[in-house]
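Scroll down for the structure; my scribbles are underneath it.
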Amino acid sequence: MKNISLNIEKALGAVSKEQVFAQEAKVMACMATLHNGDGAGNDFLGWLRLPSSITDEELTDIENTAKTLREKCEVVVAVGIGGSYLGTRAVVEALNNSFDALQSKRENPVLLYAGNNIGEDYLYELTQLLKGKQFGIINISKSGTTTEPALAFRLLKQQLEEAVGKEEAKHRIVAITDAKKGALRTLADQEGYKTFVIPDNVGGRFSVLTPVGLLPIAVAGYSIRDLVKGAADMEKATDQSVPFADNIAAIYAATRNELYKSGKKIEILANFNPKLHYIAEWWKQLYGESEGKNGKGIFPASVDLTTDLHSMGQWIQDGERTIFESVISVENPDHKVIIPTDEANLDGLNFLAGKRVDEVNKMAELGTQLAHVDGGVPNIKITLPEISAYYIGQLFYFFEKACGISGYILGVNPFNQPGVEAYKKNMFALLNKPGYEKESAAIQARL
Ligand code: PA5
2 MKNISLNIEK
12 ALGAVSKEQV
22 FAQEAKVMAC
32 MATLHNGDGA
42 GNDFLGWLRL
52 PSSITDEELT
62 DIENTAKTLR
72 EKCEVVVAVG
82 IGGSYLGTRA
92 VVEALNNSFD
102 ALQSKRENPV
112 LLYAGNNIGE
122 DYLYELTQLL
132 KGKQFGIINI
142 SKSGTTTEPA
152 LAFRLLKQQL
162 EEAVGKEEAK
172 HRIVAITDAK
182 KGALRTLADQ
192 EGYKTFVIPD
202 NVGGRFSVLT
212 PVGLLPIAVA
222 GYSIRDLVKG
232 AADMEKATDQ
242 SVPFADNIAA
252 IYAATRNELY
262 KSGKKIEILA
272 NFNPKLHYIA
282 EWWKQLYGES
292 EGKNGKGIFP
302 ASVDLTTDLH
312 SMGQWIQDGE
322 RTIFESVISV
332 ENPDHKVIIP
342 TDEANLDGLN
352 FLAGKRVDEV
362 NKMAELGTQL
372 AHVDGGVPNI
382 KITLPEISAY
392 YIGQLFYFFE
402 KACGISGYIL
412 GVNPFNQPGV
422 EAYKKNMFAL
432 LNKPGYEKES
442 AAIQARL
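Letter by letter, the sequence shown follows residues 2 to 448 of the numbering used here.
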């Protein structure tokens with residue numbers, strides 16, 4: 002089976018191939034730091050060998066729990082935010098029928114999301130929708146105290162208990178959280194919910210291949226074994242024993258850091274397939290939280306093309322030259338659509354009649370790449386043979402491995418996120434949370 006591949010040829014110009022390859026020693030040293038576990042944040046390296054160490058029993062336990070939820074529920078709400086949300090959605094939106102919500106004959110329960118925002122209307126509409134429906138909840142929170150999911154869970158738990166009774170609700174709620182500590186662990190133990198553990202040494206943004214992602218993905222009906230297999234194959238393909246020139250995680254990390262040093266401060270992850278939108282959302286958290294610290298770090302942005310060529314396209318082509326682009330290119334779509342002939346040909350598209358829609362998309366992709374490169378936007382290409390659980394597994398691990406290496410090249414701890422606390426402190430102070438009296442007084446004085 003083919004692997005995903007990386008091509009940096011069109012990124013060369015702003016930086017040379019020699020410059021990228023001159024980083025070999027440094028990059029492989031950063032890779033060794035990861036593997037030896039002697040760098041910053043080394044208590045969060047559980048993701049590194051996760052794909053190859055997941056056991057058959059663990060996968061079976063997840064699949065059996067998914068089966069129970071699938072049998073009982075027409076809707077399952079995955080409650081979580083950040084690393085406890087984005088990986089699941091990335092896989093499900095990539096593999097789902099684009100019009101899943103409107104499919105009348107369903108094999109799988111509808112997977113909905115909550116706890117990823119504090120929109121009152123969102124929660125109102127969700128709770129209204131769930132009225133009269135058989136639903137279940139997967140509550141995912143490592144800390145158990147994150148405001149957004151805790152708030153959503155409080156509402157949904159109450160609604161479920163009122164609808165089916167406290168006893169039955171216990172069989173429709175699964176908690177994914179810390180092994181020992183935290184509010185969600187305490188509640189789950191008290192209520193007797195089925196639980197799965199988020200390992201201590203796996204941070205939120207690296208947790209998609211733990212039950213955090215695997216359970217809701219299995220509930221949605223996708224093969225978590227293929228996903229894990231893809232990741233495990235990429236774990237091998239990017240191992241430290243694989244030479245720099247053949248190691249796509251090392252080359253990607255080296256190239257983006259050289260581009261950053263040359264003044265390219267923004268990386269835009271682009272796709273030409275709308276199904277990959279949430280892959281980019283997941284990627285932005287992974288790189289943004291891992292690298293954006295100590296006044297440093299590439300800003301991760303994303304676009305869906307060709308859609309955004311009609312909005313952001315102008316900026317990318319012609320704006321400040323501080324960007325580079327990484328394009329996820331999909332070789333083979335799942336389905337074939339042939340463009341029909343039209344007698345009147347008022348739109349002038351008969352020259353395309355008989356061609357596949359994907360041929361047009363591929364030429365849009367190539368044309369865009371050449372235009373952007375001509376416009377001074379270096380282009381890295383990541384090719385996915387197809388959108389499948391197996392290749393998404395490969396893609397996840399490729400990006401995670403490159404991210405760990407990249408953070409070390411940059412000289413930051415890629416596994417902490419001290420910056421995410423600032424807004425929470427202010428929000429709690431403004432809401433007069435007990436324990437925040439001093440902060441409340443200070444913030445009120447500023448208003
Ligand atoms: O990366 C992180 O640590 C955060 O973005 C978390 O993923 C997010 O805040 C969710 O945290 P928790 O799972 O503890 O609710």
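Here a beta-carbon is modelled for each residue, glycine too, at the ideal position from N, C-alpha and C. These figures come from a predicted structure and were not determined experimentally.
At which residue ranges does the stretch 195 to 283 contain complete beta strand (DSSP E) runs of 3 or more residues, listed in the order of the chain?
Every beta strand (DSSP E) of 3 residues or more that sits fully in the stretch 195 to 283 is shown, in chain order, as 195 to 198 and 267 to 272.
Rounded straight-line distance, which links the Cα of K195 to that of A403:
Indexing the sequence shown from 1 puts residue 403 at position 402. Indexing the sequence shown from 1 puts residue 195 at position 194. Between A403 and K195, the C-alpha separation is close to 34 Å.
Let me know if P275 comes out buried or exposed under the rule of 16 or more other beta-carbons within 10 Å of its beta-carbon.
Numbered from its first residue, the sequence shown carries residue 275 at position 274. Taking all protein chains in view, the Cβ of P275 is surrounded by fewer than 16 other Cβ atoms within 10 Å, so the residue is classified as exposed.
Quick check on the burial criterion: 16 or more other C-beta atoms within 10 angstroms. Buried or exposed for T66?
Here the question's residue 66 lines up with position 65 in the sequence shown. By the neighbour-count rule (16 or more Cβ atoms within 10 Å), T66 is buried.
Can you have a look at Y223 and say buried or exposed, based on whether 16 or more other CB atoms are within 10 angstroms of its CB?
The residue you call residue 223 lines up with position 222 of the sequence shown. Y223 is buried by the Cβ-count criterion.
Buried or exposed: where does L432 fall if 16 or more other Cβ atoms within 10 Å of its Cβ makes it buried?
Numbered from 1 along the sequence shown, position 431 holds the residue referred to as residue 432. Answer is exposed; the Cβ neighbour count stays below 16.
Which residues in the same chain have their Cβ closer than 6 Å to the Cβ of C74, if we skip the five residues on either side of it in sequence?
Here the question's residue 74 lines up with position 73 in the sequence shown. Excluding positions up to five away in sequence, the list reads P110, Q135, F136 and G137.
Just reading off the alpha helix (DSSP H) that F400 is part of, what are its end residues?
The count along the sequence shown starts at 1 and reaches residue 400 at position 399. From DSSP, the alpha helix (DSSP H) with F400 extends over A390 to L411.
DSSP state of L167 mapped onto helix, strand, coil:
Against the sequence shown, residue 167 aligns to sequence position 166. Residue 167 is actually Lys in this sequence, not Leu. Three-state result, K167: helix.
Just confirm the distance between the C-beta atoms of A302 and I267, as a whole number of angstroms; I'd bet it's less than 8 Å.
In the sequence shown, residue 302 corresponds to position 301, counting from 1. In the sequence shown, residue 267 corresponds to position 266, counting from 1. Going by Cβ atoms, the distance from A302 to I267 rounds to 6 Å, so yes, they are a contact pair.
Once you ignore the five residues that flank Q319 on each side, which residues in its own chain have a CB closer than 8 Å to its CB?
Against the sequence shown, residue 319 aligns to sequence position 318. For the record, residue 319 in the displayed sequence is Asp; it is not Gln. Result list for D319: G376, in chain order.
Measuring straight from C-alpha to C-alpha, what distance separates G408 and V28?
Locating residue 408 in the sequence shown gives position 407, where the first residue counts as 1. Locating residue 28 in the sequence shown gives position 27, where the first residue counts as 1. Distance between the alpha carbons of G408 and V28: 11 Å.
Sorry if obvious, but does the Cβ on I138 come closer than 8 Å to a heavy atom of the ligand PA5?
Mapped onto the sequence shown, residue 138 falls at position 137. Result no, Cβ not under 8 Å from the ligand PA5.
Identified DSSP bridge partners for S291
Taking the first residue of the sequence shown as 1, we reach residue 291 at position 290. None; S291 has no bridge partner.
So does the stretch 281 to 293 actually touch the stretch 77 to 90, counting three or more Cβ pairs closer than 8 Å?
Segments in contact, yes.
Where does S330 sit, in a helix, a strand or coil, going by DSSP?
In the sequence shown, the residue the question calls residue 330 occupies position 329. The three-state secondary structure of S330, taken from DSSP, is strand.
I believe E236 touches R50 by the beta-carbon criterion, under 8 Å. Please report the beta-carbon distance rounded to the nearest angstrom.
The count along the sequence shown starts at 1 and reaches residue 236 at position 235. The count along the sequence shown starts at 1 and reaches residue 50 at position 49. About 7 Å separates the two Cβ atoms, so the contact holds.
At the level of alpha carbons, what is the spacing between P419 and N295?
In the sequence shown, counting from the first residue as 1, residue 419 sits at position 418. In the sequence shown, counting from the first residue as 1, residue 295 sits at position 294. So the alpha carbons of these two residues sit roughly 10 Å apart.
What is the residue span of the beta strand (DSSP E) that N380 lies within?
To locate residue 380, count along the sequence shown from 1; it is residue 379. The continuous beta strand (DSSP E) containing N380 extends over residues N380 to E387.
Contact the stretch 369 to 385 vs the stretch 204 to 222: 3+ CB pairs below 8 Å
Touching, no.
Taking the CB atoms as reference points, tell me whether E25 and A255 lie closer together than 9 Å.
The residue given as residue 25 occupies position 24 in the sequence shown. The residue given as residue 255 occupies position 254 in the sequence shown. The answer is yes: Cβ separation under 9 Å.
Buried or exposed for A102, going by 16 or more other Cβ atoms inside 10 Å?
In the sequence shown, counting from the first residue as 1, residue 102 sits at position 101. Burial call: exposed.
Cα-Cα separation between L60 and S142, rounded to whole angstroms
What you label residue 60 is simply residue 59 of the sequence shown in a count that begins at 1. What you label residue 142 is simply residue 141 of the sequence shown in a count that begins at 1. Straight-line Cα distance between these residues: approximately 20 Å.
Length at least 4, wholly inside the stretch 112 to 176: the alpha helix (DSSP H) runs in chain order
Fully enclosed alpha helix (DSSP H) runs of 4 or longer: 121 to 131, 148 to 165 and 167 to 173.
How about Q418: is its Cβ closer than 8 Å to a heavy atom in the ligand PA5?
Here residue 418 refers to the residue found at position 417 when the sequence shown is read from its first residue. Flag set: Cβ of Q418 near the ligand PA5.
I'd like to check one pair, Q395 with I5: are the Cβ atoms closer than 9 Å?
The residue labelled residue 5 in the question sits at position 4 within the sequence shown. The residue labelled residue 395 in the question sits at position 394 within the sequence shown. Yes, the pair counts as a contact, with Cβ atoms nearer than the cut-off.
I299 and L35 - do their beta-carbons sit closer together than 9 Å?
Counting from 1 along the sequence shown, the entry for residue 35 is found at position 34. Counting from 1 along the sequence shown, the entry for residue 299 is found at position 298. It is not a contact, given that the beta carbons lie outside the stated cut-off.
Which of helix, strand or coil does DSSP assign to V92?
Locating residue 92 in the sequence shown gives position 91, where the first residue counts as 1. Helix.
By DSSP, does D190 sit in helix, in strand, or in coil?
Working through the sequence shown from its first residue, we reach residue 190 at position 189. Reduced to three states, the DSSP call for D190 is helix.
CA-CA distance, K337 and I9?
Counting from one through the sequence shown, the residue named residue 337 turns up at place 336. Counting from one through the sequence shown, the residue named residue 9 turns up at place 8. Going by the C-alpha atoms only, they are around 30 Å apart.
Answer with buried or exposed for L347, where buried requires no fewer than 16 other C-beta atoms within 10 angstroms of its C-beta.
Within the sequence shown, the letter at position 346 stands for residue 347. Per the 10 Å Cβ criterion, exposed.
Name, in chain order, the residues that DSSP records as bridge partners for V78.
Within the sequence shown, numbered from 1, the residue matching residue 78 stands at position 77. V78 is bridged to L113 and I138.
Closest residue to P52 among S327, T239, L310 and A354 (Cα-Cα distance):
Counted from its first residue, the sequence shown places residue 52 at position 51. Cα-wise, what sits closest to P52 is T239.
Beta-ladder partner(s) of T178, from DSSP
Position 177 of the sequence shown holds residue 178. The bridge partners DSSP lists for T178 are V198.
Which stretch, first to last residue, makes up the beta strand (DSSP E) that contains P301?
Position 300 of the sequence shown, counting from 1, holds the residue named residue 301. Unbroken beta strand (DSSP E) run through P301: F300 to D305.
With a threshold of 6 Å on Cβ separation, who are the neighbours of N140 within its own chain once the five nearest residues in sequence on each side are excluded?
Start at 1 with the first residue of the sequence shown, and residue 140 comes out as number 139. V80, F154 and A176, listed in sequence order.
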